[in-house]
Structures are given as structure tokens and as C-alpha cells.
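A short worksheet on the structure shown next.
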Amino acid sequence: PGECSCQVDCRILPGVTPEMVREEVLHILFGLRDFEMEILQTHPASESPTAGALYETFDRVLKDLDPKAKMIPSMLTGATDSRFFRDRGAAAYGFQPLLPVANLSEYLARVHGHNERIAAEDLLFGARVLYRVLKDFCG
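Residue 124 in this note's numbering is what sits at position 117 of the sequence shown, and the numbering runs on without skipping anything.
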């Protein structure tokens, strides 16, 4: 064909700018002739601190209910409305307390997938954790 186009949806990590991503893509495409690149839309990465009263409450309650539990900060490929709260100075977390699974990749494949589900045991554990977090944090 005489022309082709593509759109790339890229989630930008905290501390990385759209211009840094653009430069990296240009570096990767170095040597190709006659192409244009345009950034259509961008939002800065959103993150909340891993220190503070709420995060520490999550950690303490998890360890009370499961001494082997460990808080693991993560970043997912989806989007979140938490950024609107963070833009106003509030810490916002996608906190989902679940019991350990034998196969994490199998679990993640079910998230928003065909036959999405969690074990009843996970649901009960998560409810206990969230109840305790609310009770401890809010009084």
C-alpha cells in the first residue's frame, strides 16, 4: 500500500514524560524512511505513596490476619479514576486483599476475562481485611 498507519496505546510509568517515550520510539524506528509520529492524547502517570497512615493500616491489618502477607506496590495496564483524587492531593489505592494463589498468571488471566471469578475464600478474606481497615483507620 501507499500508506499505512497505526495507533499505539502506551501507559507511561511515573517519572517518565511523553517526550521521553516519543524519543524512545524514534530511536527504535531509526532507519525507517518517511514516517510521522503524533501524540494524540496523554495523561501523566498517577501514583500514591507507600508510606502514610492508610498504607500502614493496610499493611498492619494484612499481617494481623496473615503473618506471611506482604504489601506489593504494582502498576496495572488498565486505567483508574484514582488519578482524579490524586490530582486533588489525596492518596488513592487499588487495594484488593486476596489470599495467595498457586498460579498468579492463571489468576490474572481470569481478571475481566471469560468466566471471571474469585474463590469464595478470597471474597471472605478480602471482606474481613476491608472491614478491619475501615474499623482501624476510621475509628
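Note that CB positions come from ideal geometry on N, CA and C, so glycine has one too.
As the structure is a computational prediction, the values presented were derived from the model and not from experiment.
{"Check": "Are at least three pairs of beta-carbons, each pair with one atom in the region 30 to 39 and one in the region 70 to 80, less than 8 Å apart?", "Outcome": "no"}
{"Check": "What are the boundary residues of the alpha helix (DSSP H) that ILE35 is part of?", "Outcome": "25 to 35"}
{"Check": "At which residue ranges does the region 87 to 124 contain complete beta strand (DSSP E) runs of 3 or more residues, listed in the order of the chain?", "Outcome": "none"}
{"Check": "Measure the CB-CB distance between LEU106 and PHE132 and report whether it falls below 7 Å.", "Outcome": "yes"}
{"Check": "If we ignore side chains and look at the alpha-carbon of each, how far apart do ILE79 and CYS13 end up?", "Outcome": "35 Å"}
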